[in-house]
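Chains as they are written, first to last, in numbering that gives the first Met the number 0: chain A, 0 to 97; chain B, 0 to 191; chain C, 0 to 502; chain D, 0 to 776. Reading through the structure tokens given below for one structure.
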Amino acid sequence: MLLNQFLLLAAILFSIGVYGVIVRRNGVLVLMSIELILNSVNINLIAFSTYHGLGGQVFALFVIAVAAAEVGVGLAIVLLIYRNRRSVDIDALDELKG
Amino acid sequence: MIAALAPLSFLAQSATGNSFDVPANVVFYIVAAFMVFAAIRVVTTDNIVHAALWLILVLSGVGLNFLLLQAEFVAITQILVYLGAIVVLFLFGIMLTRAPLGRADDLDNNMRPIGVAVGLLLTAVIAFALIRTFGNDSLTFEAYAGSQAVAGNNRTTALANEIFGPQLIPFEVLSVLLTAALIGAIVLARRD
Amino acid sequence: MLALLAQASDVFTKPTVDYHALAPELILVGTIIVLALVDSWKLERARPVMSAIAGLGLLAALVPVITLAVDGTDRVLLDGGYVVDSMSLVLKALFIVSAYVVVLLSINYMAEGDYWESEYYTLLICSVLGMTVMASSRDLIGIFIALELLSIPAYMLAAWRKGDERSNEAGMKYYLMGVFATGILLYGMSLAYGLGGSTNLEAIGLQLADLGSDGVPVVALALLFTIIGFGFKVSAVPFHTWAPDTYEGAPTPVTAFLAVASKAAGFVALIQVTYFCFIVRSDVIEPIFFVLSISSMTVGNLIALRQSNVIRMLAYSGIAQAGFMLAPFAVASSDPALSLQAVVTYLVIYAAMNLGAFAVIIAIARRTRSAELEDLGGLFTYMPGLAVAFTLFLASLIGIPPLGGWWAKFGVFASLIEADSGLGWTLAIVMAVNTAIAAYYYLAVARAMWFDDVPEGTDTSPVRTPATLGFAVVITLIATLLFGILPQVVNDVTDFGLVALGG
Amino acid sequence: MWFLTHTWIMPALMALSFLAILAVGKRLPKKGSEIGVAAVGICFVLALLTAGSWWQHTNDTGESGEHASGVLAVAPGAGDAEEHDPEAFSDVEQGCSRVVDEADHEGNSEKAEADHEGDTEGEEHSSGIAPGESASAESTAVATAEEGEGHAATKPVVRCFTWFDNGPADSSTITVGTMVDGQSVFMLVVVGLISLLVHIYSTDYVNGDRRYTHYFAFLSLFTASMMFFVLAQSTLQMIVGWELVGVCSFALIGHWWEEKPNSNAALKAFLTNRVGDIGLLVGMIILYFAAGRSFSILDINILAASGGISHGLLLVASVCLLAAVMSKSGQFILHTWLPDAMAGPTPVSALIHAATMVVAGIYLVARLYPVFFEGLSIAGSSVNLLAVVGAVTAMFGALLAFVQKDVKKVLAYSTISQLGFMVTALGVGAWTAAMFHLFTHAMFKACLFLGAGSMSHAAHHSFNMVDDYGGLRKIMPRTFWTFIIATGALAGIFPLSGFWSKDEILAGHGTFFSEGGNGTYHVMLAMLIIGAFCTAAYMTRTIWYCFYGEYRGVGTPHESGPRITVPLIILATLGAVVGFLNLPKSIGPINFPESLHTQFEQFVEPVGAYFPSISHAEFNVPLALFSLAVAGLGVLLPYLYYFKGGLAPIRDLSERNALARWGKNVLVNKYYFDWLYTDVITGFVKGPLARAANWFNAKVLDGIVDGVGAGAVVTGQWVYENIDQEVVDGAVNAAGTTATETGGVLRYLQSGRIQQYAALFFAAAALLAGVFVVATG
């Protein structure tokens, strides 16, 4: 197996995630797209760790844990907004600008 | 499920030494194709619940990749944390925000062209850089050979040694992080 | 099975932990635990003492920082992943003192606004803990975790006024942009790990130095993405977009915290990766910092000219100031010690004067209920003390001697000119022009306070500023004056020489 | 000697006075003004004593000016560091200048061997090293002994303490202290004197003002800042003093801030100065590094003069500093704030224009003269930036003064123009002339401003001389006569002080008229002569509007009280006589006695390693006569136009003066053109051509009729309307507008929509990545 096949897969996932966060209006869907980005990073880390030892795997574990925390916080904020606005359309959040 | 995955890991391990990795490659390309397709569906589907389901496929595919890369512990964690916790969180989020469970045509904003352009540009730049730099480097798993010797053929133990050795402080800090996230999320999400 | 585990565990060498070196962090953790326990034990009755506990905890954490500084030896923990040296101690002290001032700013704001008080302080201290860890981390994983620990509570604090949609929006924007930045940062870090073969900064640096400069464009990618990830944190243009919106919407003490401590933490992260690792590829990072610095100072200043809200103005001016602070990074390689000193000096002085400005705004807003420029008219006539203090902070932000901001700018100019490179001179010129532009909008505020009429309907009876808020204004004012009149003070502590860089 | 080493008392005293007035001023019977007057009075006395002490000091060093000046005028080697004699810096305290310390160190070891026999010298040396004030007695002996060797360097007295160590890495210490030499002593006297008179004057002038106390507090601080700036030992102190002066002027110009234009003027003054301040900061930092990480003025000057700093660096530094000078001293194109700054109380204007704020720029150039002298290659060239800026300012400022209705604005433009003279003088190498002009200008310009204040006091606080003044000659005789004398001095009428100083500047150009300058600056000379002509002319016009004709204002004017007129009389007297302080050695066949000539030069001009070796132009009789004639013409033409134009028939003038005859002919022609256009060429050309003729009449012919001087009015008007108000102000405003407009456009980036932010974020990341990947790939 080549290193690059994993790295390229990760790059594609990363870009798809970026597309998702740009175009998705629903807050929950944006969070899902973020998961794509974070997972692509993990693929990178694990692929590199086959060269460099377990540091990458440890890093990936930390990233997974942090991702869980971030999603939790993100959903809490989305819920907060839903409660006040009855909508999770983040595109409509433009009261603060200029 | 994990038991079902074990042969895959074995398959990957047999590929060590770079001599015969065609089966692993076949698996990889099939999984990769699925993952890319599923990921695209996550960001394009017009049904929010389907998006979550497609996401499960992507995340499982990532786990399979980890197995191919002989990172069993991370793979298991991936499955447990993502499928067991995060996707469930997403589903809860979908329910609690009363998202439309069927098709909805207002999930995207009007920035699709920009999104496509940025995505393609990023892919192109990163791919160019990766191909220029790593070319046809093949995976050797050399690093794992060493850790196997140290930890008595038990990479999980080696991983633990790594975490509780050099990464001790980040690990402890992570626990504070999770606590803080918990406290804050409760305050924000609860009604008052 | 257990036997197997026991057998396996004998190869595990327990890391030696220097508890003195970790004492500031441990005290902060203890404070968090005490806050949580007192909150769950006393419930509502605990609210009045929460701020006191948080403040005392921070001051207590300052004690070991001082004893470590007096001790003076560099302590290296965890195979070089965690270093307690003079630089990290200065930065820890900076974070802790800034957070203490933020606590002072928060007391009345939180108590009068009926917010979740004890959790507020808990999260604040968590964030500070992340910053102090950041100051010592010399490892990608440590830096990443520290960054997350300082960011995630901050996302939530920005949305802390739960019933206010603007605050919600501020939190959402901050959170989303922060997570995007985390994504980019992690991607860059994963590539850096792949190239460097380790998560330890020094090891990566050595490896990067060995790699040739030809045919490895991933190096550029890794460095760029990592820097962008932190560029978000310091609100460098074009990764700044969250800052004005979040600053405006978030509770003002939180804004002060974000504008000062959180930004400083971003700079500390940049310092760590730049001076201990990426500096070996100065050919790549210097142009990156050059672009970020020039765009930040120019765009920040130009937009600030058009602001009518003082907090938004401070947000954009903060972006411009970040551009000034980024400038020495663009000449990092020519004299690392000098440019590092310039950055840290600027951070310290900036913290004093910017926190002071926010303290004054909070104090003023207690009367005017707004941070719009037009509502500040004639402030001098009914709040002369605050008007004078605000004027001094603004003058310091402009960089008028003998106030602190002048010395900060001087250090940056000195490092740019001393470098004597094309990038350095260009930055010096652009910065000079920007400093002149900046004076305009800062003075517009001063003019409103001194020369404009009091707006109709403003209550101009004398105001009593709460003691804690007054205390915050006084200590930041003293610091601002002190750093300007006796730069020796800040100069001595920020002069790490080459020792720190020796790694 | 005590006075020379304790000059810090003066700024400290004034700062103390500032604090005292703020603290207790309102509770005192005179509302705090007594503290200010007392403090500044003491300072003035101290300044005089310091001056006396310095006089003693220089005479001790050089005893005899005869050799000294002889050497100075020609000695090219006087400025070479290699030849410099360490004795010259024996009054420099250890640690205040690294270069001197090092030279001392070397000199010491050499001396130990060479000068065994010379006991006095050895002693002197040790006293130089030990920071003490005991040196005077011995140094006299030594200095006289060294006289024979032909070096009589100025011995600056420098005292300092260490402010802080700038880190162990480079072991450079930053010091704060006082550097006293002729230049700073003379400036101290000027500041003390003008400030004292302004204080006294103000007790009457702003009497009853609601911020009376505040006003005096800031006067004190202003004086303190300027003294601090003047005495600065390091460039760092200069920056601080410079900024403090700016802040004080901001406060004082905006004194009556309730009126919008006043606060705007204050802000404009401040902002324009900010532009220059940046130049100052950058320039000083460059010099700091160029001088091997030293802020010491002495270090910078010695190294710059001896070639220790590369020409390129000096050039960059001097251009940066020039930006600062241009904004502070109101040089063209950064002069626009200065006329607006007239919004402040008149005594403040006098202080700003005569002794503080605006001359700070001149003082800066003079203080760091080696930097400019070497950086801009002043010697031996015929054009440099400093001279160009100065000459353009001198000419344009004078033209602009023509068209002002407000007497203070006339004086403001006049100051701009006169500062242009000083800058030009510095630019052509006539250092002493510039300082001398600064000195004389301080006297007569302060007198003029205070006189204008006196008139406005009488005329119901109006400064509009065209509409509200007139006929004040009879009513206010003291004001009138002092104003006339000061005007004469400003116009350069023999033998008033302005004549001597202006003439020295003109001679310093080293053109075909005169010899011995530092270069040949023909063009600048021509521009300055035009400027001198205009100066005489606009002042005559001012006199006419103010003092002659009928009173046009409201109410009954009256002469001002003694607290206003006494300062006027003092200043007018000084303005008349101070020119004799620097008489040339000879005027044609007349040789002045040694005790009279070039006293100012010997007293003020530094000689030695920290100053470039400049040469002095001789007094040139044809040039003096010519400039006198120009000034006379400048007085005469407006005199004919304003004073006689209405009274006497025009043909009378034409017989006396050729130019007036030409003017008269033109006047006739005007009539002729009228007749031609209206009567002869009638018909189809009537409409447009008549209009054109009318326009021609109004705009051009009147101008021609008014003669050259009035033509300048049109030019001035045009420059004022089109260049000053449109181009320069327009450019300033346009720059501001562009900046805010750009800000406005950029603001649209901040749409408030997160996903646009995200798109920007990732697009920027991708683009940057693309650029860097391609660049490094």
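By construction, the Cβ of each residue, glycine as well, lies at the ideal position given by its N, Cα and C atoms.
Got a sec: which bits of the stretch 328-351 of chain C sit with their beta carbon under 7 Å from any beta carbon on chain D, in order along the chain?
So the close ones are 336.
DSSP state of residue 84/A, grouped into three classes?
In this structure, residue 84/A counts as helix in the three-state DSSP scheme.
What does residue 55/A reach in chain C if we use C-beta pairs closer than 7 Å?
Residues of chain C passing the Cβ test: 192.
Using the three-state DSSP reduction, which class does residue 590/D fall into: helix, strand or coil?
Here residue 590/D sits in strand by DSSP.
Any contact between the stretch 442-452 of chain D and the stretch 424-434 of chain D? By contact I mean 3 or more CB pairs, one from each, below 8 Å.
No, the stretch 442-452 of chain D is not in contact with the stretch 424-434 of chain D.
At 4 residues or longer, what runs of the alpha helix (DSSP H) sit wholly inside the stretch 79-130 of chain B?
Complete alpha helix (DSSP H) runs here, min 4: 86-95.
For residue 388/C, which residues from the same chain have a beta carbon less than 8 Å from its beta carbon, with the 5 sequence-adjacent residues on both sides left out?
355, 359, 472 and 476.
Please determine, among 161/D, 19/D, 186/D and 162/D, the residue with the shortest C-alpha to C-alpha distance to residue 53/D.
Closest option to residue 53/D, Cα to Cα, is 186/D.
Let me make sure I understand the geometry here. Which of 174/C, 483/C, 420/C and 441/C has the alpha-carbon closest to that of residue 257/C?
Among 174/C, 483/C, 420/C and 441/C, the Cα nearest to that of residue 257/C belongs to 174/C.
DSSP has residue 231/D in a bridge; who is on the other side?
According to DSSP, which records beta bridges pairwise, residue 231/D is partnered with 177/D.
Mapping the DSSP letters down to three states, classify residue 752/D as helix, strand or coil.
Residue state, collapsed to three classes: coil.
For my contact list, residue 566/D and residue 449/D are in at a C-beta cut-off of 8 Å; report their separation, rounded to the angstrom.
That belief holds up - the Cβ atoms of residue 566/D and residue 449/D are roughly 6 Å apart, short of 8 Å.
Compare the beta carbon distance of residue 334/C and residue 417/C with 8 Å and say whether it is the shorter of the two.
Yes. Within cutoff.
By DSSP's criteria, residue 27/B is part of a beta bridge. Which residues make up the other side?
The partner list for residue 27/B (beta bridge, DSSP) is empty, contrary to what the question assumes.
If you draw a straight line from the alpha carbon of residue 293/D to that of residue 248/C, how long is it in whole angstroms?
Going by the C-alpha atoms only, they are around 47 Å apart.
Where DSSP assigns a beta bridge to residue 25/A, which residues make up the other side?
Paired residue(s): 88/A.
I want to see whether chain C comes within less than 8 Å of residue 2/B, judged by CB atoms only; does it?
Bear in mind that a pLDDT of 48 at residue 2/B, under 50, signals an unreliable position, so the number given afterwards is only what the model happens to contain. With 8 Å as the cut-off, residue 2/B does not count as an interface residue toward chain C.
When DSSP builds the beta bridges, which residues end up paired with residue 371/C?
Paired residues: 308/C.
Taking the alpha carbon of residue 133/B as the reference point, which residue from 288/C, 190/C and 73/C has its own alpha carbon closest?
The shortest C-alpha separation from residue 133/B is found at 190/C.
Residues in its own chain within less than 8 Å of residue 190/B by CB, not counting five upstream and five downstream?
Nothing listed; no residue qualifies.
How many angstroms separate the CA atom of residue 220/D from the CA atom of residue 236/D?
Going by the C-alpha atoms only, they are around 16 Å apart.
If you scan the stretch 514-571 of chain D from start to end, which runs of the alpha helix (DSSP H) of 4 or more residues do you find wholly inside it?
As far as the stretch 514-571 of chain D is concerned, its whole alpha helix (DSSP H) runs of at least 4 residues are 521-546.
What is the residue span of the alpha helix (DSSP H) that residue 74/C lies within?
Element bounds for residue 74/C: not the alpha helix (DSSP H) but the beta strand (DSSP E), 74-76.
May I ask you to list the residues that DSSP assigns as paired with residue 136/C?
81/C, per the DSSP bridge assignment.
Where residue 668/D and residue 395/D are concerned, what is the direct C-alpha to C-alpha distance, given to the nearest angstrom?
For residue 668/D, the predicted structure reports a pLDDT of 41, less than 50, and the residue's modelled location is therefore unreliable. A value from the coordinates is still provided. The straight-line gap from Cα to Cα measures roughly 29 Å.
Going straight from the alpha carbon of residue 193/B to that of residue 46/A, what length do you get?
With chain B covering 0 to 191 only, the question about residue 193/B has no answer from this structure.
Just to confirm before moving on: does the CB-CB distance between residue 230/D and residue 237/C stay below 8 Å?
No; because the gap between Cβ atoms is not below 8 Å, this pair is not in contact.
Could you tell me which of 87/A, 94/A and 71/A sits nearest to residue 155/C, measuring between CA atoms?
Cα-wise, what sits closest to residue 155/C is 71/A.
Looking at chain A, is there any beta carbon in it that lies within less than 8 Å of the beta carbon of residue 231/C?
Output row for residue 231/C: interface = no.
Could you tell me the alpha carbon to alpha carbon distance between residue 92/C and residue 64/C, rounded to whole angstroms?
Computed Cα separation, rounded: 7 Å.
How many angstroms separate the CA atom of residue 142/D from the CA atom of residue 70/C?
Confidence at residue 142/D is low in this model, with a pLDDT of 37, below 50, so its placement is unreliable and no value can be given for it.
At which residue ranges does the stretch 124-195 of chain C contain complete alpha helix (DSSP H) runs of 4 or more residues, listed in the order of the chain?
Taking only runs of at least 4 residues, the alpha helix (DSSP H) segments lying wholly in the stretch 124-195 of chain C are 139-157 and 164-195.
Just the Cα atoms here: how many angstroms apart are residue 579/D and residue 599/D?
Straight-line Cα distance between these residues: approximately 9 Å.
Can you tell me the Cα-Cα spacing of residue 17/A and residue 216/C, whole angstroms?
Computed Cα separation, rounded: 21 Å.
Listed from N- to C-terminal order along the chain, which residues in the stretch 61-75 of chain A have their beta-carbon within a distance smaller than 7 Å of any beta-carbon of chain C?
Within the stretch 61-75 of chain A, the residues whose Cβ lies closer than 7 Å to some Cβ of chain C are 61, 62, 65, 68, 69, 72 and 73, listed in chain order.
Rank 583/D, 88/D and 455/D by C-alpha distance to the C-alpha of residue 156/D and give the top, closest one.
Among 583/D, 88/D and 455/D, the Cα nearest to that of residue 156/D belongs to 88/D.
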